[in-house]
Amino acid sequence: MSKPKFKNPVVNWIDYRLPIFTFMNHELNEYPTPKNLNYFWNFGSLAGITLVIMIVTGIVLSMNYTAHIDYAFDSVERIMRDVNHGWLLRYIHMNGASFFFIVVYIHIFRGLYYGSYKAPREILWILGVLILLLMMATAFMGYVLPWGQMSFWGATVITNLFSAIPLVGESIVTWLWGGFSVDNPTLNRFFSLHFVLPFVIVGVVILHLVALHRFGSNNPIGIDVKGKQDTIPFHPYYTIKDLFGLSVFATVFAAAVFFFPNFMGHPDNYIPANPMVTPAHIVPEWYFLPFYAILRAIPDKLGGVLFMFGAIMVLFVLPWLDKSSVRSSQFRPLYKLFFWFLVIDCIALGYLGAMPAEGIYVVLSRLATAYYFFHFLIILPLLPKIESTRPLPVSISTPIITTSSNASTVMAMREKK
Amino acid sequence: MRFSKLVLYFLILFNFFLSKLALSAGKAIEYPDKNWSFSSIFGTFDKASAQRGFQVYKEVCAGCHGMRLISYRNLAALGYNQDELKAIASQFEITDGPNDDGEFFTRPGRTSDKFASPYPNKKAAIAANGGAYPPDLSLIIKARPNGANYLHALLSGYVEPPKNMKVPEGMYYNKFYSGNLIAMPQPLYEDGVEYLDGTKASPDQMAIDVTTFLAWASEPELEERKQLGITVILFLIVFSILSYFSMRQIWAPIKNKN
């Protein structure tokens, strides 16, 4: 053992045999991070914290929940009424799901805007899309557990999608249900999977972080870190910034939990599931609405399912669809424009997913769906051929060289070095 | 990034909530807004009104509607003391058993019992009401969009049907019910109950009182939730301000260098 790294001899003794403290020091303390990250880089850590909140509240809830069609609804109400602070746990978990998606969607659009998916971060991005898929599966199955009307009918509609698969579709649906309709076996397996999938997400999140720490964070300028002068240690600079972001996020989250806990839910889910009564409008949770709109936009059932999954699949290959070597849209005027078109398109799809599938809404859904795929499959590959990107700065420490006054400061800074 | 940008992002978030609100409001029929004692962020239940509402439920609604999630002991939250609760519970006959002889028997209710159900089972309830199931009222305010205003409007919405409309037998016209034809006859009439506290029992007063009672039944945690919420939010705002200035201080050397 060369010279002791840590002051505490016990820590040193352990670290020599199991270098966990070296690892933590390297990845959380010294970890060199670009010094120009803006607040959009807060959402990664926020997503991680929200995942932990969901797992902790979820484990306590599961101690009081009964996964049986005759008792599930009442056991949730018992949590709300008789378990000490059960209402708080459940409202945090329920609203936490929505906030998890808000945070992750912002995180994803951050990645799109600043080109964070480009080389050498392709696998980092793919792991992120995988997390999104796992989140969606987990959220869907979690929504079924209270066994209200929307739980039951949402589960019926979504599982029925698999019947669109040619030849084996019907058998697959029966296999998923564990019977011939959404029933007790379905609820039991959904509970089991809803419990275990979050830990799979934790696993993929760890891989996501390993991939992130290989090359470090992208940054708003989107150029590589050129040396030490471009980075600062993660601690204390980004720990305090993440703490500030977390406290603002927690304030908004608490406002929802304490004052509008059912705002993002659906009233029908306070009606116990009844297989004999179909609700007037079956709508998924808000975070699925854009995908729901795509599903309904395609007149063919199998086609709808394919396009809906395709909307996620296209994200997996995004690093190879966008061929521009410039990452940040700050230097890609055309891409920036199309990025905002995509944002509007996604919001429009969300709105259309909540509307009944009739009249003008169908037409608009089809246009919005077509544009979504047009963006990824046509615009992105073609854009580098027609776009003239703006000149990139030399490094993060010597930003934008546009005006003469700026140029002189750059010169002055160079001389100092 | 300055505060102005931060404010912008807040506006975007706010806009998201607003659009959701507009979305959900657009679909529903407009109900008169009654400005409930429990709707603001500092809101609490008007206990006197909720007690009167319990009386309305007990004497009018409970003939057909159960409240299977509520126990008599829960009524303590409305200001009843233990003796009053025991007296209320003992008014009801509860089927219990089997006893040591294997027999089911009836006994007076205890405070730990759930509210007595008007029908032995759901099928009996449907059969007794011409095929329409009178829904359980434990969660009714949360189970309807804009629940409190909706219920108050529904209870006050029995008016003469339009001349060209034929109301089938066993159905009643209600201007606030979706489709306007409801299987529930008008439940509230002038002086339908004699309030113990001497309040004049007008139909509107009874509708307000029973809605307050049912809002409490749907969200018994509401007062505790909102009080705790104010403490938590105040703490988090102070914490956000402190962490913001800590961040400024820690970042000062980096920012000054640029």
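Chains as they are written, first to last, in the working numbering: chain B, 31 to 447; chain D, -10 to 247.
Just so it is clear, CB atoms sit at the ideal spot from N, CA and C, and this is done for glycine as well.
Everything numeric in this text was worked out from a predicted model, so none of it was measured.
Contact list for residue i against chain D, beta-carbon separation under 7 Å
i	result
B:E107	L58
B:T281	I222, L225, I226 and S229
B:F129	What B:F129 touches in chain D: nothing, since even the nearest Cβ is about 11 Å away.
B:I301	A132
B:A77	Simply none; closest approach about 16 Å.
B:I262	I243
B:K65	I243
Residue i, DSSP secondary structure in three states
i	result
B:L336	helix
D:P174	coil
B:P250	coil
B:F279	helix
B:P263	strand
D:D85	strand
D:P209	coil
B:Y46	helix
B:T63	strand
D:R96	strand
B:G178	strand
B:P309	coil
D:K75	helix
B:K35	coil
D:S60	strand
D:K103	strand
D:Y233	helix
B:G329	Note that residue 329 of chain B is Pro in the sequence shown, not Gly. B:P329 falls in the coil class under three-state DSSP.
B:Y95	coil
D:Y162	strand
B:P349	helix
B:P320	helix
Chain-ordered chain D contacts of residue i [CB-CB under 8 Å]
i	result
B:V424	In chain order: nothing, as chain D lies at least about 15 Å away.
B:W370	The contacting residues do not exist; B:W370 stays about 13 Å from chain D at best.
B:W71	Result: empty, since nearest Cβ-Cβ is about 11 Å, beyond 8 Å.
Assigned exposure category for residue i - 16 Cβ within 10 Å defines buried
i	result
B:R326	buried
B:V393	exposed
B:W205	exposed
D:G15	At D:G15 the pLDDT is 46, less than 50, meaning the model places this residue with poor confidence; the figure from the coordinates comes in the next sentence. Exposed: under 16 other Cβ atoms inside 10 Å.
B:D100	exposed
B:W370	exposed
B:F279	buried
B:L157	buried
B:H137	buried
B:D260	buried
D:G120	exposed
D:D22	exposed
B:Y267	buried
D:Q71	exposed
D:M243	What sits at residue 243 of chain D in the sequence shown is Ile, not Met. By the neighbour-count rule (16 or more Cβ atoms within 10 Å), D:I243 is not buried but exposed.
Short CB-CB distance (under 8 Å) between residue i and chain D
i	result
B:T428	no
B:K271	yes
B:P297	yes
B:W350	no
B:P266	yes
B:V278	yes
B:A285	yes
B:F36	no
B:N22	Nothing in the structure corresponds to residue 22 of chain B, since chain B is present only between 31 and 447.
B:F274	yes
CB contact check: residue i to chain A, cutoff 8 Å
i	result
B:R111	Going by chain labels, chain A is absent from the structure shown, which instead holds the protein chains B and D.
Cutoff 8 Å: residue i Cβ touching any chain B Cβ
i	result
D:A11	Only weak support is given to the placement of D:A11: the predicted model assigns it a pLDDT of 46, under 50, and the value that follows is read from those uncertain coordinates. No, its Cβ sits nowhere closer than 8 Å to a Cβ of chain B.
D:R214	yes
D:W205	no
D:Y233	yes
D:L128	yes
D:I243	yes
D:I239	yes
D:I30	yes
Beta-carbon neighbours of residue i, restricted to chain B and to distances below 7 Å
i	result
D:P209	R111
D:M236	I270, K271 and F274
Under 9 Å by beta carbon: chain D residues contacting residue i
i	result
B:N114	Those within 9 Å of B:N114 in chain D number zero; the least Cβ separation is about 11 Å.
Contacts of residue i in chain B (Cβ-Cβ under 8 Å)
i	result
D:L217	L118 and F288
D:M195	Simply none; closest approach about 24 Å.
Check: residue i C-beta below 7 Å from any heavy atom of the ligand MG
i	result
B:K37	No copy of the ligand MG appears in this structure; indeed no ligand is present at all.
- Task: Go through the region 112 to 145 of chain D residue by residue and report every complete run of the beta strand (DSSP E) that reaches 3 residues or more, in order.
- Result: You should have found no qualifying run.
- Task: Identify every run of the beta strand (DSSP E) within the region 118 to 156 of chain B, keeping only runs that are complete inside it and at least 3 residues long; order them along the chain.
- Result: Within the region 118 to 156 of chain B, no complete beta strand (DSSP E) segment of 3 residues or longer occurs.
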